[in-house]
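Since the structure comes first, as structure tokens, the remarks are kept for the end.
Residue numbers (the working numbering), protein chains in the order written: chain A, 1 to 264; chain B, 1 to 323.
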């Protein structure tokens, strides 16, 4: 089922449109910086990119993480089960027979795999364009010390992994909503709304008490990987939070879908 | 159902045919009772459901496919989707066979998006047969096919049943069911109201159509005969009159004939009519005739359309089919 999901996505034109869009976004920081003279006012990573092209990958991730990746994750997870229902293929998968729990879990895994591929694509394009434009120099960290290229790449990879784990919670929410409806686009929109609402709430200082429990809290903590020494605190809390969300909502999805009448 | 039978499942719209099929296939959970398919309980656990379904191929309502993929790739992906490795390999190995069986081998590489309705229907049947199932469940398999395609499907299902596959077909085309099925079950309002070979479902007691010259005298004669009840009458050609009578023992068509002729009534025709499955069907589902008129708005004339198709129903015609 997992392999079939990936193969289905591979043969789907929209996958490639989405990938091309991601690649363009990943190259954007470099294009902007290369055309910019003097020191502009930007996120820390954007400035650092001029010193080491490797930082372009981090800048690109900084750009896609708050909006574009949640968008993709929401749409993919939201339609995972619901689109099969509205397409009529859900009943044929279930009588194939694919067991209901297997269907939900493999759908979730395939969504997360596609998200991981998108993140990897952003990093690779970021590194390539950055290195071409600004060279393969040692990475200055946000704390001032510099990193050799090899450990720098390692930390970029770690940042990518953290981003993927960060979306695990939202993806599980999307799959859960997807088991409740036959409208893939509706489930995707609902999931995205939850992601946006969570980010908005995360920025309201009066609600500081609930911030640590929001599913999007700490999404940008991967920046801490580029300090010397690495500040693990927020990232550790983040990983625990996202895994908890994933666990709760996957359990809910298995429970809801396992007992639902399939009329579609 | 016995193994190797071709079973026709009839019922008006809303009778519960599709819901029953969905319960058989584990898609809808029953609120009571038990479902057993191929000797396996359906709703005990996910594992028993999967075991029960392993030997089942199905088409439920419309066929469905991933439209951006070719027909062949759809079959491949369904084959890959689950199950033990040897089962998946067996299904992959049968793709060419089932495509040939439904006549799609030339269109197998085309995207399903570009398929006609008939081609999608064929792909749905191909998918149902991919696992060489012991039990084939098909919901209106001839829907959307042209007459030649319908005939092919009937022949195919007959052949599969003769080779030992148990075939369960729902249909609203009564003549089709009558022509191909070994047994018929009639569902009305969620209950099985009749079950048996199509011939046994016909109304017991024959109806006879008689053409006479003097209808008043004939009525007087028939009124005193045992086991004869006059059902109706109509004008026939050449100034003759037609009377329709139902016969029960001891009356027979020859005793009626002898009685009429003996009383001086000229009988120019005496035609026994066997009730068609349609009459029986409408009798069985009873007052749901009203539902039929309202409920079939989406698919105009779903049952009524058989008047045109059904040779038997055509003979009989008339307003008395709906009581």
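Glycine residues also receive a C-beta, built at the ideal position from the N, C-alpha and C atoms.
Measure from the C-beta of residue 29 of chain B to each C-beta in chain A and report whether the shortest distance is under 9 Å.
yes
Just the Cα atoms here: how many angstroms apart are residue 183 of chain B and residue 195 of chain B?
It is roughly 7 Å from the alpha-carbon of residue 183 of chain B to the alpha-carbon of residue 195 of chain B.
State yes or no: is the beta carbon of residue 147 of chain B nearer than 9 Å to at least one beta carbon in chain A?
no
For chain A, find out if any of its Cβ atoms is closer than 9 Å to the Cβ of residue 78 of chain B; answer yes or no.
yes
My understanding is that residue 215 of chain A touches residue 160 of chain A, with C-beta atoms under 8 Å, so please give their C-beta distance in whole angstroms.
Incorrect: roughly 19 Å between the Cβ atoms, too far for contact.
Strictly under 9 Å for the Cβ-Cβ distance: is residue 143 of chain A near chain B by that measure?
Residue 143 of chain A does not count as touching chain B.
Assuming the contact rule is C-beta atoms closer than 8 Å, residue 95 of chain A and residue 58 of chain B should be a hit. Round their C-beta distance to whole Å, please.
5 Å
Interface positions of the region 92-108 of chain A facing chain B (Cβ-Cβ less than 8 Å), listed along the chain:
92, 93, 94, 95, 96, 97, 98, 99, 100, 101 and 102
Throw me the rounded Cβ distance for the residue 60 of chain A and residue 26 of chain A pair, which I believe falls under 8 Å.
Contact annotation, residue 60 of chain A with residue 26 of chain A: C-beta distance approximately 4 Å; criterion of less than 8 Å satisfied.
Beta-carbon of residue 253 of chain A versus every beta-carbon of chain B: anything under 9 Å?
no
Listed by chain order, chain A residues near residue 166 of chain B by CB distance under 7 Å
Counting only Cβ-Cβ distances below 7 Å, residue 166 of chain B has no contacts in chain A at all, with the closest Cβ about 16 Å away.
Chain A residues whose Cβ lies nearer than 9 Å to that of residue 68 of chain B
8, 11, 12, 13 and 14
Would you list, in chain order, the members of the region 167-199 of chain A that have their beta-carbon closer than 7 Å to a beta-carbon of chain D?
Considering every chain present, this structure includes no chain D. Its protein chains are A and B.
Between which two residues does the alpha helix (DSSP H) carrying residue 10 of chain B extend?
No alpha helix (DSSP H) contains residue 10 of chain B, which is instead part of the beta strand (DSSP E) from 6-10.
So, for residue 227 of chain A: in the same chain, excluding its five sequence neighbours on each side, which residues have a beta-carbon less than 8 Å away from its beta-carbon?
141, 142 and 143
Since residue 98 of chain A is in the beta strand (DSSP E), which residue starts that stretch and which ends it?
Note, residue 98 of chain A: premise wrong, no beta strand (DSSP E); not H, not E.
What is the rounded straight-line gap between the Cα of residue 10 of chain A and the Cα of residue 16 of chain A?
8 Å
Taking Cβ positions only, does residue 17 of chain B come closer than 9 Å to chain A?
no
Whole angstroms is fine: what's the gap from residue 9 of chain B's alpha carbon to residue 77 of chain B's?
30 Å
Continuous beta strand (DSSP E) assignments of at least 3 residues falling wholly in the region 26-72 of chain B:
56-59
With 16 as the cutoff for other CB atoms within 10 Å, does residue 213 of chain A come out buried or exposed?
exposed
Start and end residues, alpha helix (DSSP H) containing residue 168 of chain B:
Segment 166-170 is the beta strand (DSSP E) holding residue 168 of chain B; no alpha helix (DSSP H) there.
Would residue 404 of chain B be called buried (16 or more neighbouring beta carbons within 10 Å of its own) or exposed?
Absent from the structure is residue 404 of chain B, since the part of chain B shown begins at 1 and ends at 323.
Under 8 Å, with one C-beta from each stretch per pair, do the region 165-179 of chain A and the region 189-205 of chain A reach the 3-pair mark?
yes
With distance defined between alpha-carbon atoms, name the residue in A/34, A/256, A/182 and A/106 nearest to residue 6 of chain A.
A/106
Taking the runs of the beta strand (DSSP E) that are 3 residues or longer, which of them lie wholly in the region 127-209 of chain A?
As for any beta strand (DSSP E) of minimum length 3 sitting wholly inside the region 127-209 of chain A, there is none.
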